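Protein chains in written order, with the working numbering: chain A, 1 to 113; chain B, 114 to 226. Positions of the beta carbon are idealized from the N, C-alpha and C atoms, including for glycine. Predicted model only: the values in this text are computed from it and were never measured. All remarks here apply to the structure that follows.
Given below as structure tokens:
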């Protein structure tokens, strides 16, 4: 079945450090890929998305590239801020079936000042 | 203007009680979901409805019964609440077949005591 695997957390970094959160997926169709972010006490917000191979999604300094050959969608940011502390979820959707959005287990990110 | 709103935000109740959580979306989407997030932040889909029709039922106990009076609303009723039902429940909506992202409500934190 379709699935998403992302790196275990928590990830702790100092402010201005480079961030990578790894995500790989398994899907039988042609999925769209997403990164969602959940700030403490809040719901999930879409951070960025990519709908086909080689697309790059970007938002708020975060980027991820849809790599079909490695079935990956790693999240990167060049210089993190304390305000980036949150839980990050990689997700996929194969919209021509049951529209289920499948999430990875989430990676908690702590940024130290 | 809130896109996906769910009520209540917090719900504390005793074991054995019956409770409902309501969800409404004003995005014009035709598909709505309920997700459960456990204490480790793992998100698991419970149900999805498309135009008031049940599409996904992910082996959720019969005590959980979703109801969709129209495509803008999806309520979740839980009978005979158990301690293990304590979690955060998220409602979400999307447009079917478009591989687009889902929009999430703020969540309902259910605590069963």
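| Cα-Cα separation between residue 226/B and residue 195/B, rounded to whole angstroms | C-alpha separation (whole angstroms): 8 Å.
| query | Applying a beta-carbon distance threshold of less than 7 Å, which residues of chain B neighbour residue 43/A? | reply | Those are 203, 217, 218, 219 and 220, listed as they occur along chain B.
| Can you tell me the Cα-Cα spacing of residue 26/A and residue 105/A, whole angstroms? | Using only the alpha carbons, I get a separation of about 14 Å.
| request: For the segment 149-165 of chain B and the segment 176-188 of chain B, state whether three or more C-beta atom pairs, one from each stretch, are separated by less than 8 Å. | output: Using a Cβ-Cβ distance cut-off of 8 Å, the segment 149-165 of chain B and the segment 176-188 of chain B are in contact, since at least three pairs of beta carbons, one from each stretch, lie closer than that value.
| Sub-8 Å separation of residue 31/A and residue 93/A beta-carbons | One thing to note: residue 31/A has its Cβ within 8 Å of the Cβ of residue 93/A.
| Contact set between residue 158/B and chain A, taken where Cβ atoms lie within less than 8 Å | Correct list: 100, 101 and 102.
| task | Give me the Cα-Cα distance between residue 157/B and residue 133/B, rounded to the nearest whole angstrom. | result | So the alpha carbons of these two residues sit roughly 19 Å apart.
| query | Counting only beta-carbon atoms, is residue 60/A nearer than 8 Å to chain B? | reply | Residue 60/A does not count as touching chain B.
| Nearest neighbour of residue 159/B, chosen from 130/B, 137/B, 213/B and 191/B [CA to CA] | It is 191/B.
| said: According to DSSP, is residue 183/B part of a helix, a strand, or is it coil? | reply: In the structure shown, residue 183/B sits in a strand (DSSP, three-state: E or B).
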